[in-house]
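Visitor: Supplied in structure tokens, the structure appears directly below.
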Amino acid sequence: MRLHYDALVVGSGIAGLTCAVHLKKNGLNVAVLTKEDDICQSNTYYAQGGIIASSHEDSHELLNSDITSAGVEYNRKEAVDFFSKNAPSLVFDFLVDEIGIDFSKTSDGQIDYTEEAAHSVRRIVHYEDHTGDKIEDSLIVYAKSIGVEFFPSHTTIDIITNEHHSTDRQEIYKPREVMGLYALENSTGEIKTFFSSNVVLATGGVGNLFYHSTNPSFATGDGISMAYRAGADIINMEYVQFHPTCLYHRDIKRFLISESLRGEGARICDHDGVEFMKEYSEMGDLAPRDVVARAIYDRMARTGKDCMFLNLGKYYKGEKPIEERFSKIYSTCLKGGIDITKEPVPIVPAAHYLCGGIRVDLNGETSLKNLYAVGEVACTGIHGANRLASTSLLEGLLWGKVTAEEIKKKEYSIEKSRYDSIPDWERAVYTEEFDPLLIEQDMRAIQLTMWNYAGIIRNTKGLKRAESDLDYHSHRIMKFYKESKIHKKIVELRNSVVISSLIVKAALRNRVSAGCHYRSDEK
Ligand code: SIN
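So the sequence shown is residues 4 to 526, counted in my numbering.
Structure (structure tokens):
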């Protein structure tokens with residue numbers, strides 16, 4: 004099947020949906036593809052803490068300074084400035100006034116601003132402790148109501164470029180440009196060709212490459228891997244942020260314990276009840292994430308324990324009862340036998356967010372013509388070496404909007420006849436049947452390699468070991484990819500090994516510890 008759209012958006016989190024909504028409102032015919040069956044499945048859906056919004060106590064200078072201190076001044080200054088000036092008001096102008104989201108309020112009916120680590124003022128709005136699903140569900144309803152088309156259960160395999168795919172030899176003498184993408188319909192196995200002069204990647208992050216992660220298993224770096232193969236610039240891949248507090252539980256995996264618990268008073272302690280954060284930073288429990296994650300990791304190593312604890316019940320300073328303010332965390336932990344109002348929660352640090360990605364400018368444009376990237380998959384440079392909490396949803400909101408505006412302004416469209424030179428996906432004659440166990444085994448090997456050798460604390464020896472292990476896996480996985488019947492899980496596995504190698508190579512090259520890239524053998 005060959006389909007044509009003015010714009011294609013891959014990924015359905017806040018960045019992709021915002022971009023699609025603005026494209027549609029600007030009169031473009033837009034389709035959103037997601038590899039998941041349920042459109043809402045995205046990292047956005049699982050965001051707990053909240054989103055920075057304008058507040059009377061705040062100023063763009065103060066926000067600039069908090070973002071750049073957390074990012075160790077590695078941030079792209081003009082992007083931070085652009086963000087601080089333009090993004091916070093969008094929460095009210097777009098999410099509240101247009102989409103109709105009702106964020107949590109105090110008992111006197113005012114917006115309830117909360118706090119998180121490394122913020123100088125309370126500037127984060129939230130919906131209890133499940134802000135992400137509220138935003139995600141509301142955006143989907145709105146996008147559907149204005150006629151955005153959705154293709155759920157469609158796994159994008161590769162970006163189409165004239166240079167890589169055209170059968171017209173003249174195309175290689177033209178500048179390289181993106182012309183669409185190939186996507187697998189998961190249920191039928193059909194590979195469709197989607198054409199467009201505007202492809203927006205909004206595929207999220209890479210958390211699933213690590214053994215412990217707060218991300219769902221679909222966070223396999225698909226967009227970065229496709230953009231890399233197509234020839235786009237990828238930067239800052241060593242800056243993988245680890246969240247200090249992921250629930251440590253035998254049965255409940257990948258469940259975040261939001262930083263806003265510490266914003267509302269919670270303190271970290273060890274198995275003997277010793278609250279140790281002041282030993283690592285003057286800012287104590289509210290030190291930037293990288294500092295807290297390393298402190299917990301260090302304490303675990305020193306004491307030989309598998310986890311540390313977070314005590315909310317004893318220190319909570321919020322107005323509403325814990326059961327209401329942190330309703331999702333309370334009920335999830337209770338299902339696992341932990342009452343957070345009465346006892347400390349076992350926690351471990353876990354891979355959470357990629358600060359690097361596909362290099363984009365202030366308009367969301369990548370280095371490759373017709374290719375855009377928004378949200379976690381993109382590197383706008385605002386996070387530098389470490390992201391300030393609650394900036395990511397807002398970054399998606401701002402760049403989703405400006406990217407749509409840029410596409411509209413550009414008004415470029417590839418002549419229809421040029422698409423005729425793009426063939427349908429070539430189906431290889433496959434010899435291997437899809438075997439979920441093999442995939443699972445390879446994925447687990449990658450996750451352990453990344454966690455042990457390219458995780459919270461890194462050194463040359465470990466990174467070299469990771470590099471050679473990944474080379475070995477990569478060789479086998481690429482062979483398997485070519486010989487097997489194509490399947491979503493194989494596409495994800497290929498992307499995972501590509502992205503893991505990019506992270507390890509970037510971490511090896513960069514010998515300077517800064518933010519979330521920490522080298523124990525720094526020279
Ligand atoms: C959290 O709620 O702790 C996560 C917020 C974020 O990653 O920005």
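C-beta atoms are modelled at their ideal positions from N, C-alpha and C, and glycine is treated no differently.
Given the structure is predicted, the values throughout are model-derived calculations rather than measurements.
So residue 400 and residue 55 are supposed to be a Cβ contact under 8 Å. How far apart are they, rounded?
Guide: Not confirmed; about 10 Å, so no contact.
Visitor: Is residue 489 helix, strand or coil when you go by DSSP?
Guide: coil
Visitor: Put residue 336 into one of helix, strand or coil per three-state DSSP.
Guide: helix
Visitor: Would residue 408 pass as a contact of residue 25 if the rule is Cβ separation under 8 Å?
Guide: yes
Visitor: Residue 157: buried (16+ other C-beta within 10 angstroms of its C-beta) or exposed?
Guide: buried
Visitor: With hydrogens ignored, establish whether the beta-carbon of residue 262 is closer than 7 Å to any heavy atom of the ligand SIN.
Guide: At a cut-off of 7 Å, the beta-carbon of residue 262 counts as near the ligand SIN: some heavy atom of the ligand is closer than that.
Visitor: Taking a contact to mean a Cβ-Cβ separation below 8 Å, would you say residue 377 touches residue 205 in this structure?
Guide: yes
Visitor: Would you say residue 461 and residue 422 are within 8 Å of each other, going by their C-beta atoms?
Guide: no
Visitor: By Cβ distance, which residues of its chain are closer than 6 Å to residue 293, with the 5 residues on each side in sequence left out?
Guide: 389, 518, 519
Visitor: According to DSSP, simplified to helix, strand and coil, what is residue 160?
Guide: In this structure, residue 160 counts as strand in the three-state DSSP scheme.
Visitor: Take the Cβ of residue 91 as the centre, count every other Cβ of all protein chains shown within 10 Å, and call the residue buried at 16 or more, exposed below.
Guide: buried
Visitor: List the residues that DSSP assigns as beta-bridge partners of residue 461.
Guide: 522
Visitor: Which value, in whole angstroms, describes the spacing of the CA atoms of residue 471 and residue 298?
Guide: 29 Å
Visitor: Between which residues of its own chain and residue 170 is the CB-CB distance below 8 Å, once the five residues before and five after are set aside?
Guide: 424, 425, 426
Visitor: Within its chain, find whatever has a CB closer than 6 Å to the CB of residue 321; leave out the 5 residues flanking it on each side and keep chain order.
Guide: Contacts found: 267, 328.
Visitor: Check whether the segment 108-123 touches the segment 134-147, taking contact to mean three or more Cβ pairs, one atom from each stretch, closer than 8 Å.
Guide: no
Visitor: Can you find a heavy atom of the ligand SIN that lies under 7 Å from the Cβ of residue 395?
Guide: yes
Visitor: The ligand SIN and residue 52: does any heavy atom of the ligand fall closer than 7 Å to the residue's C-beta?
Guide: Indeed, a heavy atom of the ligand SIN lies less than 7 Å from the Cβ.
Visitor: Would you mind sorting residue 497 into buried or exposed? The rule is 16 or more other CB atoms within 10 Å of its CB.
Guide: buried
Visitor: Using 8 Å as the threshold, is the C-beta distance between residue 42 and residue 15 below it?
Guide: yes
Visitor: From what residue to what residue does the beta strand (DSSP E) around residue 311 run?
Guide: 311-314
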